[in-house]
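Chemist: According to my numbering, the sequence shown is numbered sequentially starting from 6.
We treat Cβ as the ideally placed atom computed from N, Cα and C, and that holds for glycine.
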Amino acid sequence: QVQLVESGGGLVQAGGSLGLSCAASTDIVNINIMGWYRQAPGKQREFVASITSSLSTNYADSVKGRFTISRDNVKNTVYLQMNSLKLDDTAIYSCYGRPRIGSVPYWGQGTQVTVSS
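#1: Which residues in the same chain as Ala96 place their Cβ atom closer than 7 angstroms to its Cβ, once the five residues preceding and following it in sequence are excluded?
#2: Between which two residues does the beta strand (DSSP E) harbouring Gln117 extend?
#3: Can you tell me whether Asp94 is buried or exposed, with buried defined as 16 or more other CB within 10 angstroms of its CB?
#4: Under three-state DSSP, which class holds Ile33?
#5: At what residues does the beta strand (DSSP E) containing Asn81 begin and finish?
#6: Return helix, strand or coil for Leu25, following the three-state DSSP convention.
#7: Hey, out of Ser108, Val109 and Cys100, whose CA is closest to Val10's CA?
#8: Measure the alpha-carbon distance for Gly13 versus Trp112 and round it to whole angstroms.
#9: Using the rule of at least 16 other Cβ atoms within 10 Å of the residue's Cβ for burial, across every protein chain shown, is Gly21 buried or exposed?
#10: Nearest by alpha-carbon distance to Gly107: which of Ala29, Gln18 and Asn37 is it?
#11: Does DSSP put Leu92 in a helix, in a strand, or in coil?
This is the structure we're talking about:
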């Protein structure tokens, strides 16, 4: 069973920065797509960013230019650097990994990010 463990969440003021990490219990070189979703209170879970094994990235329009996703296949970790944070970025951020297109993804337990005014 592959485990994904997020860390780095917390409380930050609007306009500030925060970095999230997602450590995998397996070699992520074998996981084609890794990324992040988030869910705010009372809202549906939404896609944030993803990165493939060939380092192709994709971002939600709401975070483009502010968030950066990266992966380290040696450390088996995926990162999400979040800059210029807004109140609307407050959510539980969950890491996922999809070994192949169409396969069932692995999920982390989530980490809370709270942006205050």
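Modeler: Checking against the coordinates, here is how it stands:
#1: Against the sequence shown, residue 96 aligns to sequence position 91. If we look at Ala96 and ignore the five residues flanking it on each side, its Cβ neighbours are Arg43, Gln44, Ala45 and Val118.
#2: Position 112 of the sequence shown, counting from 1, holds the residue named residue 117. In the DSSP annotation of this structure, the continuous segment of the beta strand (DSSP E) that includes Gln117 starts and ends at Thr116 to Ser121.
#3: In the sequence shown, residue 94 corresponds to position 89, counting from 1. Counting other Cβ atoms within 10 Å of its Cβ, Asp94 reaches 16 or more and is therefore classed as buried.
#4: Translated into positions along the sequence shown, residue 33 becomes position 28. Ile33: helix per DSSP, three-state reduction.
#5: For the purposes of this step, residue 81 is identified with residue 76 of the sequence shown, where counting begins at 1. Counting along the chain, no beta strand (DSSP E) covers Asn81, and no H or E run does either.
#6: The sequence position of residue 25 within the sequence shown is 20, counting from 1. In the structure shown, the three-state DSSP call for Leu25 is strand.
#7: What you label residue 10 is simply residue 5 of the sequence shown in a count that begins at 1. Relative to the Cα of Val10, the nearest Cα in the group Ser108, Val109 and Cys100 belongs to Cys100.
#8: Stepping through the sequence shown from its first residue, residue 13 is reached at position 8. Stepping through the sequence shown from its first residue, residue 112 is reached at position 107. Approximately 16 angstroms between the Cα atoms of the pair.
#9: Locating residue 21 in the sequence shown gives position 16, where the first residue counts as 1. Gly21 should be labelled exposed.
#10: In the sequence shown, the residue the question calls residue 107 occupies position 102. Per the Cα distances, Asn37.
#11: In the sequence shown, counting from the first residue as 1, residue 92 sits at position 87. In this structure, Leu92 counts as helix in the three-state DSSP scheme.
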